[in-house]
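Protein chains: 2
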Amino acid sequence: MTTKTAPQPSATLVNGFDTQAIGQIVGALSNDRTLAKFQFRASNQWVGGGENHSSVQGFYGAGAEDRSRRQPFTLVNDEPPLLLGNNEGPNPGEYVLHALAGCVTTTTVMHAAARGIHVKSVSTELSGDIDLQGLLDLDPSVAPGYQQITVKMDIEADCTDEALDELLEFVYRHSPVCDTLCRPVPVTIERVRRS
Amino acid sequence: MTTKTAPQPSATLVNGFDTQAIGQIVGALSNDRTLAKFQFRASNQWVGGGENHSSVQGFYGAGAEDRSRRQPFTLVNDEPPLLLGNNEGPNPGEYVLHALAGCVTTTTVMHAAARGIHVKSVSTELSGDIDLQGLLDLDPSVAPGYQQITVKMDIEADCTDEALDELLEFVYRHSPVCDTLCRPVPVTIERVRRS
Chain P
63 MTTKTAPQPS
73 ATLVNGFDTQ
83 AIGQIVGALS
93 NDRTLAKFQF
103 RASNQWVGGG
113 ENHSSVQGFY
123 GAGAEDRSRR
133 QPFTLVNDEP
143 PLLLGNNEGP
153 NPGEYVLHAL
163 AGCVTTTTVM
173 HAAARGIHVK
183 SVSTELSGDI
193 DLQGLLDLDP
203 SVAPGYQQIT
213 VKMDIEADCT
223 DEALDELLEF
233 VYRHSPVCDT
243 LCRPVPVTIE
253 RVRRS
Chain L
63 MTTKTAPQPS
73 ATLVNGFDTQ
83 AIGQIVGALS
93 NDRTLAKFQF
103 RASNQWVGGG
113 ENHSSVQGFY
123 GAGAEDRSRR
133 QPFTLVNDEP
143 PLLLGNNEGP
153 NPGEYVLHAL
163 AGCVTTTTVM
173 HAAARGIHVK
183 SVSTELSGDI
193 DLQGLLDLDP
203 SVAPGYQQIT
213 VKMDIEADCT
223 DEALDELLEF
233 VYRHSPVCDT
243 LCRPVPVTIE
253 RVRRS
């Protein structure tokens, strides 16, 4: 978390992160573990067919509501014509891949910064295999979701290949979205009436 | 999948879906189960710090590469200042909630259409709890990803509450993104060198 302290002359940017700020976050959380509890949120409205829009703005973290976003982000889900949509946006399965790509990338460059590894570039290619027999209830033995997801990462940095491989193994175990996909997460769907 | 047949005069739009087209998809997949195999994709480029951009365009499905998107969709991940970013976009964890909202909504209105339930409105509120001690490697007993995700859905339709509850129970078990989160999905991160 950022603090209200003015930047120190000795502050060092590595991979776009202020490594002093990373150290301050780790120090603050070590002193008060409740600051690490975050809650992210989205609200979504159906438009019609496969199109729906989400609004993302506030979240809770570091012991308070965050107010840094003056306007909400609007995100558009749709389906391609093959799946009866109009291509107004990517579909939800594609957004999962985008989320995973971003989380793996940020976890990589942040932990690289903490290790003093200067990253020059990161690009990833993701693919996810899915069998729509699950969604369409055609075969109860077919899972509706992704069967497997592959991330291919091209990364250039000022360290050995061994250090990169060790970093990526760490990232696999510590990326929040990677963990969310690899581990069964309890999801609850509850019907409510808005007042 | 859509076919090249002209729309039939008796085609009926329910919840924005052509129910004849849904029937044709189910019929085609029942005849050739390999048509149900899809592969979705995303490519991502690190910009700096917590910012990175994905490009989403092609996918494989129904036995062929889809070419329906003339331009790629560009999606922006960033982090809020509290997490050392500049709020250029939602963060990856928020995109996961958007993906889940969209998938649950589309699965609901599509299967409602197949059941002849006319949906008037759907809105959802999602929240996901996460403890950053996992990401920051402060406590190995804390999972890095979401501890739990809650979807609250307000839905209006021309059916009984019991029929809606039964539909949502079905959706919970058949939404691809919900299943992807609830079930452990194998994720592979592989380091490659682009030529």
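Chain order of the listed sequences is P and L. Numbering (the numbering used here) for the first sequence: 63 to 257. Numbering (the numbering used here) for the second sequence: 63 to 257. Here a beta-carbon is modelled for each residue, glycine too, at the ideal position from N, C-alpha and C.
Residue from A163/P, D223/P, A175/P with nearest C-alpha to T250/L:
As a first step, residue 250/L must be located in the second sequence, where it is residue number 188. When each option's Cα is compared against that of T250/L, the closest is A163/P.
Give a yes or no on whether the minimum CB-CB distance between T186/L and chain P is below 8 Å.
As a position in the second sequence, residue 186/L is number 124, starting the count at 1. Taking Cβ atoms only, chain P reaches closer than 8 Å to T186/L, which makes this a yes.
Helix, strand or coil: which one does DSSP assign to R235/L?
One-based indexing of the second sequence puts residue 235/L at position 173. DSSP places R235/L in helix when its eight states are reduced to three.
Going by beta-carbon coordinates alone, are L243/L and T242/P separated by less than 8 Å?
Working through the second sequence from its first residue, we reach residue 243/L at position 181. Working through the first sequence from its first residue, we reach residue 242/P at position 180. The answer is yes: Cβ separation under 8 Å.
Taking T167/P and N93/L to be in contact with their CB atoms under 8 Å, please state how far apart those CB atoms are, rounded to whole angstroms.
In the first sequence, residue 167/P corresponds to position 105, counting from 1. In the second sequence, residue 93/L corresponds to position 31, counting from 1. That belief does not hold up - the Cβ atoms of T167/P and N93/L are roughly 41 Å apart, past 8 Å.
Within-8 Å CB hit, G190/L to chain P:
The residue given as residue 190/L occupies position 128 in the second sequence. Closer than 8 Å: yes.
Residues within the region 92-103 of chain P neighbouring chain L, beta-carbon criterion of under 9 Å:
S92, R95, L97, A98, K99, F100, Q101, F102, R103
Coil, strand or helix - D193/L by DSSP:
For the purposes of this step, residue 193/L is taken as residue 131 along the second sequence, with counting starting at 1. DSSP places D193/L in strand when its eight states are reduced to three.
Should D8/L and R253/P be called a contact, given that it needs their Cβ atoms to be closer than 8 Å?
Outside the shown range of chain L, which is 63 to 257, sits residue 8/L, and nothing can be said about it.
Which residues, in order along the region 118-151 of chain L, keep a beta-carbon less than 8 Å from a beta-carbon of chain P?
V118, F121, G123, A124, D128, S130, R131, F135, L137, N139, E141, P142, P143, L144, L145, L146, N149, G151
How about E224/L and S183/L: do their beta carbons lie closer than 8 Å?
If you number the second sequence from 1, residue 224/L lands on position 162. If you number the second sequence from 1, residue 183/L lands on position 121. No. Outside cutoff.
Go ahead and label T296/L buried or exposed: buried means 16 or more other beta carbons lie within 10 angstroms of its beta carbon, across all protein chains shown.
Because chain L in this structure spans residues 63 to 257, residue 296/L falls outside the shown range and cannot be described.
Just to make sure I have the definition right: I need the residues of chain A whose C-beta is within less than 7 Å of the C-beta of Q107/P. Which are they?
Among the protein chains in the structure shown, which are P and L, there is no chain A.
Is Q210/P close to chain L, meaning its C-beta is less than 8 Å from at least one C-beta of that chain?
Numbered from 1 along the first sequence, position 148 holds the residue referred to as residue 210/P. At a cut-off of 8 Å between C-beta atoms, Q210/P counts as an interface residue with respect to chain L.
The alpha helix (DSSP H) that contains I87/L, what's its start and end?
Locating residue 87/L in the second sequence gives position 25, where the first residue counts as 1. Unbroken alpha helix (DSSP H) run through I87/L: 81-93.
Report yes if the C-beta of V118/L is less than 7 Å from at least one heavy atom of the ligand SAH; otherwise report no.
The ligand SAH is absent from the structure shown, which contains no ligand whatsoever.
With DSSP collapsed to three states, give me the class of E141/P.
By one-based count along the first sequence, residue 141/P stands at place 79. Coil at E141/P, not helix or strand.
Taking only beta-carbon atoms, is H180/P less than 8 Å away from chain L?
Counted from its first residue, the first sequence places residue 180/P at position 118. For H180/P, no Cβ of chain L is located within less than 8 Å of the residue's own Cβ.
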